[in-house]
Amino acid sequence: MYFCTSFLFALLVLPGLSNALQSFVYRHFGHAKVYTPSPPGQGPCASVNNATDYVVAVSAYWFNFDYPGGNPICGSSVDITHTTTLKTVTAKVLDTCRECKQGDITLSQAAFYKIGGSSQNGVIAVQWLQ
């Protein structure tokens, strides 16, 4: 009987738990400011982008610069929400911000203005999901 109960538990519960763990996201709080992304092919992700792309540079804290074959965070999508306007943008991680604190980010102009940033408020409070 114990074997049957354990087997049924493994069949019914563990797959759901596994799916829940795979969909786990990290929520970060910090500040964002606008920046000009690295020139195409340069920077830690060696990416190509233009001024209208939604690009985010995350703190160097989140980068593994010794990762063989490129950084696993490069190219990942991040949902960024301005905590005052509640506007959200999805941007790709294509750069690093070495002067940023752990939760801080820098955004391309297109992404920064999309969520309500402006030249009058050069730094905004954000939350972002990784």
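Residue numbering for the sequence shown follows the working numbering, starting at 336 and increasing by one per position.
Positions of the beta carbon are idealized from the N, C-alpha and C atoms, including for glycine.
{"Item": "Mind checking who F364 pairs with in its DSSP beta bridge?", "Value": "Q462"}
{"Item": "Whether or not the stretch 391-402 and the stretch 447-454 are in contact is what I'm after, with contact meaning three or more pairs of Cβ atoms, one per stretch, closer than 8 Å; do they touch?", "Value": "no"}
{"Item": "Can you give me the Cβ contacts of L346 inside the same chain, cut-off strictly under 6 Å, excluding the 5 residues immediately before and after it?", "Value": "At L346 the pLDDT is 43, less than 50, meaning the model places this residue with poor confidence and gives no usable figure here."}
{"Item": "Quick one: what does DSSP say F427 is sitting in, helix, strand or coil?", "Value": "With the sequence shown as reference, residue 427 is identified as Lys, and Phe is not the correct amino acid for it. Of the three classes helix, strand and coil, the one that applies to K427 here is strand, per DSSP."}
{"Item": "Between L464 and the rest of its own chain, which residues show a CB-CB distance below 6 Å, the 5 nearest in sequence each way excluded?", "Value": "V360, R362 and D414"}
{"Item": "Helix, strand or coil for A395? Go by DSSP, reduced to three states.", "Value": "helix"}
{"Item": "Taking only the alpha-carbon atoms, compute the straight-line gap between S382 and G410 and give it to the nearest angstrom.", "Value": "8 Å"}
{"Item": "Quick one: what's got a C-beta closer than 8 Å to T419's C-beta in the same chain, skipping five residues either side?", "Value": "G451, I459 and A460"}
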